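So the structure is just underneath, and the comments pick up after that.
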Amino acid sequence: MLPLKETERVTTTQLQPKPIPALYTVYILRSQPRHASLYIGSTPHPPRRLSQHNGLAKGGAYRTSKKSLRPWDMVCLVSGFPSMIAALKFEWALNNPHKSLHIPAEKRAEAVKGLGRRKTGHLKRPRKSLTGVMESLRMLVGVRSFGRWPLRVHFFEEEVWRVWEKVGMKNAFGGLKIPVVTDFGGPTASSQGARVDEELLDPGIDGGDGNDDDDDDEDAQNEKKHGIYALPLDYTPIKEYVAKGQEIFEFERQGNCVVCKEAMAAGRGLYAICPKTSCEAVGHVDCWSRCLLKQEAKKVGMGRGDEILPTKGECLKCHGEVLWGDMMKELTLRIRGQAEVEKLLKKKKRRRAAAKGKVKGKGKAADEKGSNAEERNAKGNREVKTTSQRIVEDSEDSEFLDIAYL
Ligand SMILES: [Zn+2]
Ligand SMILES: [Zn+2]
């Protein structure tokens, strides 16, 4: 069973086919006053989620509500999940290493050593130690079912990163090929940016940091952007890529498939585009996939030859690097994310307009509406608890909202 209650609330619209989310993460919280207390969760919005856990916004998990354990720090997170469900699966596996079939049996046995049993006979969940969590994390990002996703591990506490490194040195999972991002700048050291380990990161389209040069508001905010606050919460890093995709199909410039050379009829089939800004190579999704898989199979140590989905490769036209995850993000945005695309490409204009009219809160992201509603809702409930029956009627609306956001 998935630990839905402990994670973000799910709106019914999230069950519809949606584009690959701009960001979905699985995070590890550590209690500041008691380092031995850890918590694992998932969210599309780490800063908001952290403020919920710390009681600064409504909606934190029960297990993080103890005053003696607050504040919590988000010490590490994994990004790059292709969907909320994907993140929930990973979160569950990381929370239940003794049960997860993604983890080798002997490791699972190790995890349950000395564990007590519940009255029902089920094993108790092992107490989380930082070393244990880092071991599980290393294993999970390397297993086949998760290893093909474009995951990245981020560390915001040097001490925690050291444990990850140490764990890597003493076991077979040390040679992991996954990008690791470290950012120990802390909330005040504004001059230190994130450092990205290895050459594994895509230099092509992921260099954006979400700045709009002419946006004063944003410039002021950049002063304090670090750690989880520097993560791109929207599609800004692939904005140019998305704009290029819109243009190619609007003017029917797709031409012939870059792989099979056949002409591609407008509006038919799934076509994917090379992520490099200057390249307009377009191809059938299955052609791209076959082509990239073939490249992977040739490279020693990358594919095992029987994968269904590629991770990365080289564009046949511009020879630039193609990351499958980014390609699918653009494709899913184009075919099922029209609202997201419009928001992304018109963002600048709307912000300017908002600044001119000094209208506050108009340009807020759609997903913020949910938390606003929750907040109002929570306020309603609180009133009910402290006052008489008279306003119970009011709270029925709130309950309805509660159900709508479950
Ligand atoms: Zn083709
Ligand atoms: Zn290309």
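Heads up, the sequence shown is in full-length UniProt numbering, so the first residue is 1 and it goes up one at a time. Yeah, the Cβ is synthetic: ideal placement off N, Cα and C, and Gly gets one too. Note that the structure is predicted; figures quoted are calculated from it, not measured.
A heavy atom of ligand 2 is found nearer than 8 Å to the CB of G320. It is roughly 31 Å from the alpha-carbon of W324 to the alpha-carbon of Y39. By the C-beta density criterion, H319 is exposed, having fewer than 16 other C-beta atoms within 10 angstroms. Looking at the backbone, the Cα of H154 and that of K58 are separated by about 26 Å.
Around the CB of E240, fewer than 16 other CB atoms lie within 10 Å, so the residue is classed as exposed. In the three-state scheme derived from DSSP, where H, G and I count as helix and E and B as strand, T311 is classed as coil. One thing to note: A61 has its Cβ no nearer than 9 Å to the Cβ of F146. In terms of Cβ geometry, L316 and S289 do not form a close pair [threshold 9 Å]. The C-beta of E252 has fewer than 16 other C-beta atoms within 10 Å across all chains shown, which makes the residue exposed. Our two residues, K299 and V180, have alpha carbons roughly 22 Å apart in a direct line.
Per DSSP, L50 is one residue of the alpha helix (DSSP H) stretching across 46-53. The stretch 75-83 and the stretch 259-277 do not touch, with fewer than three beta-carbon pairs separated by less than 8 Å. L77 carries a strand assignment under DSSP once its states are collapsed to helix, strand and coil. Ligand 1 never approaches G267 closely enough for any of its heavy atoms to be under 8 Å from the residue's Cβ. Annotation for M328: I20, P82, A272 place their beta carbon closer than 8 Å to its own, counting only its chain and skipping 5 residues before and after. P17 counts as exposed, since fewer than 16 other C-beta atoms from the protein chains shown sit within 10 angstroms of its C-beta. For S289, no beta strand (DSSP E) run applies; the uninterrupted alpha helix (DSSP H) run containing it begins and ends at 285-298, by DSSP.
Taking non-hydrogen atoms of ligand 2 into account, the C-beta of A281 is found less than 8 Å away from one of them. Contact between Y235 and A22 holds: their C-beta atoms lie close to 5 Å from each other, under 8 Å.
When rounded, the separation of the alpha-carbon atoms in G185 and H226 is 7 Å.
Residues of the same chain with a CB within less than 8 Å of the CB of G337, apart from the 5 flanking positions on each side, are K18, P19 in chain order.
The residue from Q246, R148, V160, L137 with its alpha-carbon nearest to that of K346 is Q246. Bounds of any beta strand (DSSP E) do not take in V133; it lies within the alpha helix (DSSP H) bounded by 130-142. Taking C-beta separations shorter than 7 Å and ignoring five residues to either side along the sequence, the partners of M134 in its chain run V163, W164, V167, following chain order. When the five nearest sequence neighbours on each side are left out, the beta carbons in the same chain lying within less than 8 Å of the beta carbon of L29 are those of L38, Y39, I40, G41, L50, H53, T64, W72, D73, M74, V75, in order along the chain. In this structure, ligand 2 has a non-hydrogen atom nearer than 8 Å to the beta-carbon of K276. Ligand 2 approaches K317 closely enough that one of its heavy atoms is under 8 Å from the residue's Cβ. Under DSSP, the beta-bridge partners assigned to L38 are R30. Beyond the five residues adjoining it in sequence on each side, N256 comes within less than 7 Å, by CB distance, of E262, A263, M264 in the same chain, given in chain order. Rounded to the nearest whole angstrom, the CA to CA distance from V259 to L69 is 56 Å.
When the five nearest sequence neighbours on each side are left out, the beta carbons in the same chain lying within less than 6 Å of the beta carbon of C291 are those of V259, in order along the chain. By the criterion of a C-beta distance shorter than 6 Å, N95 is surrounded in its chain by I40, once the five residues flanking it on both sides are discounted. Ordered by chain, the residues meeting the criterion of a beta-carbon within less than 5 Å of a non-hydrogen atom of ligand 1 are C257, V259, C260, H284, C287.
When Y27, V160, D326, E330 are compared, the shortest CA-CA separation from A36 is found for V160.
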